[in-house]
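Here my numbering = 1-based position in the sequence shown + 3. A quick write-up on the structure given underneath.
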Amino acid sequence: PLAPTPRLHQHLLNPRPGKLPLEAIQVVLEELRKNGNLEWLDKNKTSFLIMWKRPEEWGKLIYQWVSRNGLTNSVFTLYELASGDDTESEEFHGLDEAMLLRALQALQQEHKAEIITLDDGRGVKFF
Numbered sequence: 004p005l006a007p008t009p010r011l012h013q014h015l016l017n018p019r020p021g022k023l024p025l026e027a028i029q030v031v032l033e034e035l036r037k038n039g040n041l042e043w044l045d046k047n048k049t050s051f052l053i054m055w056k057r058p059e060e061w062g063k064l065i066y067q068w069v070s071r072n073g074l075t076n077s078v079f080t081l082y083e084l085a086s087g088d089d090t091e092s093e094e095f096h097g098l099d100e101a102m103l104l105r106a107l108q109a110l111q112q113e114h115k116a117e118i119i120t121l122d123d124g125r126g127v128k129f130f
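Right, here's the structure in full:
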């Protein structure tokens, strides 16, 4: 963990409601980035995506579900994974498509899945 700078330390001792110094915000964002839970969306670092779980963590959860249910060598649409009845009780149910794709790309890099194009959109085959 980073040690608070004098300005941040002063703010922590005498906080003003609703006011957090830019320096404090930058420290928090940098820690999130180092841990893989924040990704800058532009060069100027004015837009960012905060992720509850990293794509690799989502991928691991998805693959555990696939393995647990004997579904390797099966093909699923992205809709079936994120919104299907079979995944209703899973933590990844309802995951937005962009993060789902990132999770599946992480699995693809590990040779556990392949993202494929289907007639009605994208899908994935698990190995």
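From the three backbone atoms N, C-alpha and C, an ideal C-beta is built for every residue, glycine too. Every value quoted in this text rests on a predicted model; they were computed, and no experiment measured them.
For residue i and residue j, I'd like the C-alpha separation in whole angstroms.
i    : j   : result
Q112 : P20 : 46 Å
S50  : K56 : 18 Å
K48  : G73 : 43 Å
F133 : I28 : Any answer about residue 133 is impossible in this case: the structure gives the chain only from 4 up to 130.
P58  : K37 : 15 Å
K46  : E33 : 15 Å
G87  : N40 : 26 Å
T75  : M54 : 27 Å
G124 : L44 : 25 Å
L64  : L23 : 35 Å
V69  : V30 : 38 Å
E42  : L52 : 5 Å
How is residue i classed by DSSP in three states: helix, strand or coil?
i   : result
G21 : coil
W43 : strand
First and last residue of the beta strand (DSSP E) that includes residue i?
i    : result
F130 : No beta strand (DSSP E) holds F130; DSSP gives it neither H nor E.
Considering only their Cβ atoms, is the gap separating residue j from residue i smaller than 8 Å?
i   : j    : result
G62 : A101 : no
Y66 : L98  : no
L1  : A85  : This structure leaves residue 1 out entirely; the chain is present only between 4 and 130.
task = Enumerate, from N- to C-terminal direction, the unbroken beta strand (DSSP E) stretches of 3 or more residues contained entirely within the segment 63–127.
result = Complete beta strand (DSSP E) runs here, min 3: 78–80 and 116–121.
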